[in-house]
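Okay, structure first, notes after.
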RNA sequence: GGACGGGUGGGUGAGUGGCUAAAACCAGCAGACUGUAAAUCUGCCGCUCCUUGCGGGCUACGGAGGUUCGAAUCCUCCCCCGUCCA
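In this note's numbering, the protein residues as written are 707 to 1083.
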């Protein structure tokens, strides 16, 4: 079954309710994709992810290429089979590593030369090879290689990165066309809009990328340190220029209290390491704000992390026990916290979708924000 | 009884005349985290005062004296602990 997107409803705020179809299942949008960079959402088993209702995971081209190697994964029947994940997978292209591994890479018009963070060896990633790797992995959604830049960045730098991203998108498009039949069209390919925090560049980038006709469109290069208002502003500039009948993916966001803001600007998909990384660091998201579980105030607290939460962790364990696990540096602490946080995000998305359906996302969002910023609990 | 070795801030432990309120690590307290080089990183961690500053005062390296402009560091005595010998 080829990739497709159904737009079910757009509410007054601009929020969209939709459904994405992939060879590995349906994804209700707006959707949150937990990040499983190296073939695992850290701390959670695939079984747990399925039970939590995760419909799509994110994996990373660069990381799989380095380890275990995309040919190894191809040989084992593709990424889904390799990591025993029957549902959908989106693979990021390595564009984010251009940003996060800035000290270990050199960007040229041709591609990105990386020095492996694992063993120092040199590797060259191009739009073509990024696509080839993702083809080998067999992900449901592939991302074109892009140049994600830091914030703040000059207009000149942002312009150059956007131009390069456009050129790379064209090359990726061509490479996919050349593959044509061998791919069978079962893997979708998304283009990525860049342009830093410059509205003009963003608009131009959006038009150029849309002209290449991708299966979906991502807004990249945001949430790299700029204020939330600016992230919103850029999203607001770009989203209306993207075709309504294609999914829109805001890459790398966001904080729980910010997600509805993106949805109201027409975003259908998001991914973020925040729920899992914060969990491992002892920061738990709750309906009343963040809980830093290592804090001494929880030492004798028999209550669950979030009394309003329906997850398995809150149904069973106390704050005191969770704190103990973290203080004692026990792995289970990270596991339970990750479970809770991913549940929190998925539950949040369910509520957001429900609110769109009922037409009261604005009210839901403002109520949510006031609760989440209420302070520590 | 004798011979060595040793007693440092909550713990381990560096420091052998001034740059030492005393390294480092641990523990403790707080914070950060946004397409994951992150089970990571950052700050605080004797008491006290204020004009909160590379600020002032006080207390501190087993105890008591002493030498010195200045001592955790040198000397004397004492008290503990460890190992070995009687």
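Ideal Cβ placement from N, Cα and C applies to all residues, glycine included. Just so it is clear, the structure is predicted and the values come from calculations on it, not from any experiment.
- Rounded to the nearest whole angstrom, the C-alpha separation of residue 900 and residue 863 is 11 Å.
- The segment 859 to 918 contains, as complete beta strand (DSSP E) runs of 3+ residues, the segments 894 to 899 (chain order).
- Separation of residue 1028 and residue 999 (C-alpha to C-alpha, rounded to the nearest whole angstrom) is 7 Å.
- Contact check for residue 765 against residue 785 passes: the beta carbons are separated by less than 8 Å.
- Apart from sequence neighbours up to five positions away, the residues of its chain that approach residue 769 with a beta-carbon distance below 7 Å are 743, 744, ordered along the chain.
- Distances from the alpha-carbon of residue 1050 to those of 735, 740, 725, 719 put 740 closest.
- With distances taken between CA atoms, residue 844 lies nearest to 787 out of 960, 787, 933, 988.
- For residue 710, the enclosing beta strand (DSSP E) covers residues 710 to 716.
- In the three-state reduction of the DSSP assignment, residue 824 falls in the coil class, being assigned neither a helical nor a strand state.
- About 13 Å separates the Cβ atoms of residue 973 and residue 947, ruling out a contact at the 8 Å cut-off.
- Taken in chain order, the complete beta strand (DSSP E) segments of 3 residues or longer contained in the segment 916 to 982 are 922 to 925, 954 to 956, 975 to 978.
- In the DSSP assignment, residue 735 is bridged to 724.
- By the CB criterion at 8 Å, residue 848 and residue 893 fall inside the cutoff.
- Within the same chain, and ignoring the five residues on either side of residue 960 in sequence, the residues whose Cβ sits closer than 7 Å to its Cβ are 929, 968, 976, 978.
- The count of Cβ pairs closer than 8 Å, one atom from the segment 755 to 763 and one from the segment 821 to 831, stays below three, leaving the stretches out of contact.
- In its chain, beyond the 5 residues on either side, 868, 901 have a beta carbon closer than 8 Å to the beta carbon of residue 910.
- As computed with DSSP, residue 797 is found in a beta bridge with 765, 848.
- The C-beta distance from residue 853 to residue 832 rounds to 12 Å, too long to fall under 8 Å, and the pair is not in contact.
- Restricting attention to 1048, 996, 722, 752, the CA atom closest to the CA of residue 1025 is found in 996.
- For residue 986, the CB contacts under 8 Å within the same chain, skipping 5 residues up- and downstream, are 748, 749, 1040, 1043, 1044 in chain order.
- Under the three-state reduction of DSSP, residue 774 is assigned to coil, being neither helix nor strand.
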